[in-house]
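Asker: The structure that follows is given in the form of structure tokens.
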Amino acid sequence: MTTLDTDEWFSSCALELKQGLLRSARLQRLGPGEVLYRDGQLAQQALFCVVEGAVRICSSLQNGTTSLLAYLEPCHWFGDISLIDSGPYVHDAVADVESRILCVPLQPFTQWLDQNPQYWRDIARLSINKLRVAYQVIAEPGALQHRLARRLWLLAHGFGSRAQRPSPHLSVSQEDLAQMMGSTRQSINAALARLEGLGLLKQGYKSIEISDLARLLDHANHLESNNPAGRI
Numbered sequence: 001m002t003t004l005d006t007d008e009w010f011s012s013c014a015l016e017l018k019q020g021l022l023r024s025a026r027l028q029r030l031g032p033g034e035v036l037y038r039d040g041q042l043a044q045q046a047l048f049c050v051v052e053g054a055v056r057i058c059s060s061l062q063n064g065t066t067s068l069l070a071y072l073e074p075c076h077w078f079g080d081i082s083l084i085d086s087g088p089y090v091h092d093a094v095a096d097v098e099s100r101i102l103c104v105p106l107q108p109f110t111q112w113l114d115q116n117p118q119y120w121r122d123i124a125r126l127s128i129n130k131l132r133v134a135y136q137v138i139a140e141p142g143a144l145q146h147r148l149a150r151r152l153w154l155l156a157h158g159f160g161s162r163a164q165r166p167s168p169h170l171s172v173s174q175e176d177l178a179q180m181m182g183s184t185r186q187s188i189n190a191a192l193a194r195l196e197g198l199g200l201l202k203q204g205y206k207s208i209e210i211s212d213l214a215r216l217l218d219h220a221n222h223l224e225s226n227n228p229a230g231r232i
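Counting along the sequence shown from 1, when you hit position 139 you're at 139 in UniProt numbering, and nothing is skipped either side.
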């Protein structure tokens, strides 16, 4: 449970809820490119959590290609939409590398929640945290390099799951960023080069090392002084 507590939401949950989540949970191993679930598939799990590796949340486009929506690393919880509305999964979830995913079976956990309805509020809180991030992404202002700086800051903070324990090392490629930003790889390459020239990050092979998270956020927000609150 210590590893899972690195997630902001899980660490804030009551012990009884943590035990309810883990009581019937099981670990599933996935190889690179292996599918966890597909868009429209009937939900069989209440929640998922990336324990090791990374999961790509994608949508399929009409031309047969996929669009990367989010890149989830340890210890990010997801799948809450289907838990709340009892609908099918939304989007595709595919392992990017060798991964271990914690799966919480739907039926026993929903039965437990119905017996302990006070914890539905915590499930709603998990979804609201994601909704807040989605609104931030939708409203991203500025030129591409500023929007990219903000997205890298969000990735470092696990889209909110690592708000207090951000990771400056991002295992993400330029192609991944292009899909997430709705841009081209050439444009992302140029924007990253500008950010690197400012000393905000260093690029590696399918990786980015952020040199200064506070300065990166300042650049994203067009600020001249540090923003200690770290708000977007």
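Where a beta carbon is used, it is the ideal one built from N, C-alpha and C, also for glycine. None of these values were measured; they are calculated from a predicted model.
What does a CB cutoff of less than 7 Å around Gly31 pick up in its chain, not counting 5 residues either side in sequence?
Answerer: Within the sequence shown, the letter at position 31 stands for residue 31. Excluding positions up to five away in sequence, the list reads Ala95, Glu98.
Asker: Measuring CB atoms only, is the stretch 62-76 touching the stretch 39-47, in the sense that at least three cross pairs come out at less than 8 Å?
Answerer: With a cut-off of 8 Å, the stretch 39-47 and the stretch 62-76 do not count as touching, because too few Cβ pairs lie within range.
Asker: Going by C-alpha to C-alpha distance, which of Leu152, Tyr205, Asn129, Ser161 sits closest to Met180?
Answerer: The residue you call residue 180 lines up with position 180 of the sequence shown. Taking only the C-alpha atoms, the option nearest Met180 is Leu152.
Asker: Between which residues of its own chain and Ser12 is the CB-CB distance below 6 Å, once the five residues before and five after are set aside?
Answerer: Taking the first residue of the sequence shown as 1, we reach residue 12 at position 12. Contacts found: none.
Asker: Measuring alpha carbon to alpha carbon, tell me which of Ser60, Asp218, Asn221 ends up nearest Arg38.
Answerer: As a working mapping, residue 38 is identified with position 38 in the sequence shown. Among Ser60, Asp218, Asn221, the Cα nearest to that of Arg38 is on Ser60.
Asker: If we ignore side chains and look at the alpha-carbon of each, how far apart do Ser24 and Val35 end up?
Answerer: Reading the sequence shown from its first residue, position 24 is the one you call residue 24. Reading the sequence shown from its first residue, position 35 is the one you call residue 35. C-alpha separation (whole angstroms): 22 Å.
Asker: I'd like to confirm the pairing. Which residues does DSSP put opposite Leu222 in its beta bridges?
Answerer: The count along the sequence shown starts at 1 and reaches residue 222 at position 222. Note on identity: in this sequence residue 222 is His, with Leu being the wrong assignment. His222 is not bridged to any residue.
Asker: Do Ile208 and Leu170 have their C-beta atoms within less than 8 Å of each other?
Answerer: Within the sequence shown, residue 208 is the residue found at index 208, counting from 1. Within the sequence shown, residue 170 is the residue found at index 170, counting from 1. Going by C-beta atoms, Ile208 is nearer than 8 Å to Leu170.
Asker: State the start and end residues of the unbroken alpha helix (DSSP H) segment that holds Gln45.
Answerer: Here residue 45 is taken as the residue at index 45 of the sequence shown, counted from 1. Unbroken run through Gln45 is the beta strand (DSSP E), 45-52; no alpha helix (DSSP H).
Asker: What number of angstroms, rounded off, separates the C-alpha of Val172 from the C-alpha of Leu154?
Answerer: Within the sequence shown, the letter at position 172 stands for residue 172. Within the sequence shown, the letter at position 154 stands for residue 154. C-alpha separation (whole angstroms): 13 Å.
Asker: How is Ala25 classed by DSSP in three states: helix, strand or coil?
Answerer: Counting from one through the sequence shown, the residue named residue 25 turns up at place 25. Three-state result, Ala25: coil.
Asker: Going by beta carbon distance, what residues of the same chain come within less than 8 Å of Glu196, once the five residues before and after it are set aside?
Answerer: By 1-based counting over the sequence shown, the position of residue 196 is 196. Counting only Cβ-Cβ distances below 8 Å, and skipping sequence neighbours, we find Lys202, Gln203.
Asker: Can you tell me the Cα-Cα spacing of Ser82 and Leu22, whole angstroms?
Answerer: As a first step, residue 82 must be located in the sequence shown, where it is residue number 82. As a first step, residue 22 must be located in the sequence shown, where it is residue number 22. Going by the C-alpha atoms only, they are around 18 Å apart.
Asker: Classify Gln145 as buried or exposed, calling it buried when 16 or more other Cβ atoms lie within 10 Å of its own Cβ.
Answerer: Against the sequence shown, residue 145 aligns to sequence position 145. Label assigned to Gln145: buried.
Asker: Would you list, in sequence order, the uninterrupted beta strand (DSSP E) runs of no fewer than 3 residues that lie entirely inside the UniProt domain "Cyclic nucleotide-binding" (47-113)?
Answerer: Fully enclosed beta strand (DSSP E) runs of 3 or longer: 55-60, 66-72, 92-95, 99-105.
Asker: Assuming Ile210 contacts Leu217 under a Cβ cut-off of 8 Å, what Cβ separation, rounded to an integer in Å, is found between them?
Answerer: Here residue 210 refers to the residue found at position 210 when the sequence shown is read from its first residue. Here residue 217 refers to the residue found at position 217 when the sequence shown is read from its first residue. Incorrect: roughly 10 Å between the Cβ atoms, too far for contact.
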